[in-house]
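In this note's numbering, the protein residues as written are 22 to 314.
In structure tokens:
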């Protein structure tokens, strides 16, 4: 016999329907709680390497780790970045994707070190490697020479980035655009994740495409390789040029990276030049500096 429960002075509802409704309410509340909690989780960014090709005892070459829930994305992996990863106690196996912005050695030289570690550690999870058009040729050449016995024992997927292409890494969307960096094909990167936006310029002179990519960014990580003065055209960015760029983009935070020893030695002057043109928080990146978005 169907059991009935009084729900008001004028209506009766089957007990089974009430039970189902309570179950649905609980599921909805649980789903809402999960969604709410996930929206509160920050994107954690660690500046692994903030230096250049010039020797600097305090800075290794380019590398940025972005931690998203239970997986991580690596932007560039220059000399010393592998050491910084281990020094920071970061889980190498959590890196699901590596984006190499260009093939200058200070942005990619530690890739083989990472692969060797994963091979020796019997890493059995897929890893995706993205980069400019020559990425497959570059990857195959490295492994043919250095690790011909290991290239088929690592689950590495290599893919060339197309201009303005969006790549999905979990919930994150990573888009790119070409920069101006001499004759070297180079990509700036943007990551959108749960309403948060981070943009990394990689190496570039002032570039309209990079500025457009960085519109609405919460954090802009931009190179500042040179001091103001006579410099080769179309290769890198100076403090005064960066001040103009940041004024137009208007991010909440600017982190300088790829800073040469000359720029570091003039840190106060460099930061003052930029701060005069923006209300954003402006900091010079340091190796192992971490922040959340």
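All C-beta atoms in this analysis are idealised placements derived from N, C-alpha and C, irrespective of residue type, glycine included.
Keep in mind the model is a prediction, meaning the values are calculated, not measured.
Decide if residue i is buried, meaning its Cβ has at least 16 other Cβ atoms within 10 Å, or exposed.
i: residue 262; result: buried
i: residue 286; result: exposed
i: residue 221; result: buried
i: residue 19; result: The chain is shown only over 22 to 314; residue 19 falls outside these bounds and no answer can be derived.
i: residue 17; result: With the chain covering 22 to 314 only, the question about residue 17 has no answer from this structure.
i: residue 223; result: buried
i: residue 178; result: exposed
i: residue 118; result: buried
i: residue 229; result: exposed
i: residue 100; result: buried
i: residue 56; result: Residue confidence is low: residue 56 scores 45 on pLDDT, short of 50, so the model does not pin down where it sits. Its coordinate-derived value is still stated next. Looking at its Cβ environment, which holds fewer than 16 other Cβ atoms inside 10 Å, residue 56 is exposed.
i: residue 54; result: Because residue 54 sits at a pLDDT of 49, beneath the cut-off of 50, its placement in the model cannot be relied upon, and the point is left open.
i: residue 141; result: exposed
i: residue 166; result: exposed
i: residue 84; result: buried
i: residue 80; result: buried
i: residue 301; result: buried
i: residue 208; result: buried
i: residue 238; result: buried
i: residue 264; result: buried
i: residue 303; result: buried
Bridge partners for residue i per DSSP, in chain order?
i: residue 118; result: 94 and 149
i: residue 199; result: 208
i: residue 221; result: 210 and 242
i: residue 65; result: 88 and 313
i: residue 277; result: 243 and 305
i: residue 70; result: 84
i: residue 189; result: 194
i: residue 178; result: 149
Below 8 Å between beta carbons: does that hold for residue i and residue j?
i: residue 193; j: residue 69; result: no
i: residue 314; j: residue 63; result: yes
i: residue 205; j: residue 257; result: no
i: residue 232; j: residue 210; result: no
i: residue 306; j: residue 278; result: yes
i: residue 107; j: residue 311; result: no
i: residue 156; j: residue 181; result: yes
i: residue 148; j: residue 116; result: yes
i: residue 240; j: residue 188; result: no
Can you give the beta carbon distance from residue i to residue j, rounded, assuming they're within the 8 Å contact cut?
i: residue 82; j: residue 123; result: So it is not a contact: roughly 12 Å between Cβ atoms.
i: residue 105; j: residue 308; result: 6 Å
i: residue 267; j: residue 295; result: 6 Å
i: residue 280; j: residue 245; result: 6 Å
i: residue 169; j: residue 184; result: No, residue 169 and residue 184 are not in contact; Cβ-Cβ is about 33 Å, not under 8 Å.
i: residue 131; j: residue 98; result: 5 Å
i: residue 135; j: residue 163; result: Going by Cβ atoms, the distance from residue 135 to residue 163 rounds to 12 Å, so no, they are not a contact pair.
From the options, pick the residue whose C-alpha is nearest to that of residue i; which is it?
i: residue 226; options: 249, 116 and 216; result: 249
i: residue 291; options: 259, 271 and 279; result: 259
i: residue 152; options: 168, 234 and 197; result: 197
i: residue 145; options: 270, 300 and 173; result: 173
i: residue 272; options: 251, 252 and 234; result: 234
i: residue 284; options: 66, 75, 65 and 67; result: 75
i: residue 73; options: 304, 301 and 282; result: 282
i: residue 191; options: 238, 87, 288 and 110; result: 87
i: residue 138; options: 175, 265 and 270; result: 175
i: residue 150; options: 96, 103, 110 and 274; result: 96
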